[in-house]
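J.:
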Amino acid sequence: MTNQPIGLFDSGVGGLSVWRELVRQLPTESTLYVADSAHVPYGNRSGVEVMAFCEGLCRFLIDQGCKAVVVACNTASAVALEALRGRYPAVPILGLEPAVKPAISLSRNKVVGVMATPATFQGHLFRATVGRCASGVRLVEQVCLGLADCVESGAAEEELERLLRSFLDPMLAADADTIVLGCTHYPFVIETIRRLAGPERRVIDPAPAVAAHLARVLSERDLAASSDARGVHRFFTTGTAARFDAACQRLVGLDPRSEELGWQRDGAGLWVVRAASEPTAQQ
Ligand code: DGL
3 MTNQPIGLFD SGVGGLSVWR ELVRQLPTES TLYVADSAHV PYGNRSGVEV
53 MAFCEGLCRF LIDQGCKAVV VACNTASAVA LEALRGRYPA VPILGLEPAV
103 KPAISLSRNK VVGVMATPAT FQGHLFRATV GRCASGVRLV EQVCLGLADC
153 VESGAAEEEL ERLLRSFLDP MLAADADTIV LGCTHYPFVI ETIRRLAGPE
203 RRVIDPAPAV AAHLARVLSE RDLAASSDAR GVHRFFTTGT AARFDAACQR
253 LVGLDPRSEE LGWQRDGAGL WVVRAASEPT AQQ
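In structure tokens:
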């Protein structure tokens, strides 16, 4: 048993959809959440760039003493999950991938829509899952450019609906009866997606399954917090604290009093994040 925190990171506020479920299911666990708000969105960046950011964020969380890390971002998981597990074999590192398998078993007509970023669709994780379990199934892959930005900025409902309709139309035209949210930002607009998709279609948010999986991993490795512990939560952003705090308040009803981090190169030229108040490294 250990009361060290669980680390989570995302390109921005999307991973809070995983964080809120983790806190709901595991109230004794403490967390450290990092939003790489300086680089959001990740979805249309190159793999090399996203990999460098993920390495810096994961290293920060492990240096802070996290006993496990959740890559609370499908895009980051698609690009960096395997490499991070290779680098830190002693720390359980969980990732997110579109919940294609459960969607297929729930779908009656075997037509499944998947909403994600371009980088997630191009990633090896997604292609491997499709190869393993999607034979005889029609998958409608919908790249949702701009949707994560709408969640970050809290776009007006009309703008959101207009964008969502353009993404949902091809899936509805193909008669997908199950829709997978393959980006952690999207559960924050799940009610609008459900309303536009209609009551006969299922929309799947993977966060509850990820939190349940984390609970199993912690208990198998004897890493769960003691039963009398009370979770303490810290939030960091590589952007502006006031902006992150406002988004956090809007999305999960919490004033996180986030701490600012800054990106810099270390002596080996790798990207690292440090408290914004720490002195900058020699370039
Ligand atoms: N939240 C991230 C994901 O799950 C993506 C958003 C982005 O940065 O493009 O894929």
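The sequence shown begins at 3 in my numbering and counts up by one. Where a beta carbon is used, it is the ideal one built from N, C-alpha and C, also for glycine.
1. Alpha carbon to alpha carbon, what distance is there between S137 and G264?
2. Report yes or no: do three or more beta-carbon pairs, one from the segment 165 to 185 and one from the segment 256 to 270, lie closer than 8 Å?
3. Under the DSSP definition of a beta bridge, which residues are partnered with R236?
4. Tell me whether P210, by its Cβ, gets closer than 8 Å to a heavy atom of the ligand DGL.
5. So the candidates are V25, C75, T30; which of them puts its Cα closest to the Cα of V36?
6. When the Cα of P111 is compared with those of A121, V102, V93, R140, which residue comes out closest?
7. Counting along the chain, where does the beta strand (DSSP E) carrying E193 start and finish?
8. In its own chain, which residues sit with a C-beta less than 8 Å from the C-beta of W273, not counting the 5 before and 5 after it?
9. Give me the Cβ distance between V182 and A105, rounded to the nearest whole Å; I'm assuming they're in contact under 8 Å.
10. With a threshold of 6 Å on Cβ separation, who are the neighbours of G82 within its own chain once the five nearest residues in sequence on each side are excluded?
11. Got a sec? Which residues, its chain only, sit under 7 Å from Q284 by beta carbon, not counting five neighbours each side?
12. Under the three-state reduction of DSSP, which class applies to Q285: helix, strand or coil?
13. Under a Cβ-count criterion, where at least 16 other Cβ atoms within 10 Å of its own Cβ denotes burial, should V234 be classed as buried or exposed?
14. CB of T119 to nearest heavy atom of the ligand DGL: below 8 Å?
15. Quick check on the burial criterion: 16 or more other C-beta atoms within 10 angstroms. Buried or exposed for R203?
16. If I measure Cβ to Cβ from T194 and keep anything under 8 Å in the same chain, skipping five residues before and after, which residues do I get?
T.: The structure says:
1. Taking the straight line from one Cα to the other gives about 45 Å.
2. No, they do not touch.
3. Per DSSP, L34.
4. Short note on P210: C-beta not closer than 8 Å to any heavy atom of the ligand DGL.
5. Nearest C-alpha to V36: C75.
6. Checking the displayed sequence, the identity of residue 111 turns out to be Asn instead of Pro. Comparing Cα-Cα distances from N111 to each of A121, V102, V93, R140, the minimum goes to R140.
7. Counted as a single uninterrupted DSSP element, the stretch harbouring E193 is not any beta strand (DSSP E) but the alpha helix (DSSP H) occupying residues 192 to 199.
8. Same-chain partners within the cutoff: A54, F55, E57, G58, W265, Q266, R267.
9. Yes, V182 and A105 are in contact; Cβ-Cβ is about 5 Å, under 8 Å.
10. One detail in the question is off: residue 82 reads as Ala in this sequence, not Gly. Excluding five sequence positions before and after A82, the CB atoms of its chain that fall closer than 6 Å to its own CB belong to M53, C56, given in chain order.
11. In this prediction, Q284 scores a pLDDT of 41, lower than 50, which makes its location untrustworthy; the coordinate-derived value is nonetheless stated afterwards. Excluding residues within five positions, none has a Cβ falling inside 7 Å.
12. Note that Q285 has pLDDT 33, beneath the 50 cutoff, so the model's placement of it is unreliable and no number is given.
13. Per the 10 Å Cβ criterion, exposed.
14. Yes, the beta carbon of T119 sits closer than 8 Å to at least one heavy atom of the ligand DGL.
15. Its Cβ being crowded by 16 or more others within 10 Å, R203 is buried.
16. Spatial neighbours of T194 in its own chain (CB-CB distance under 8 Å, excluding positions within 5 residues in sequence) are listed in chain order as E159, L162, E163, L166.
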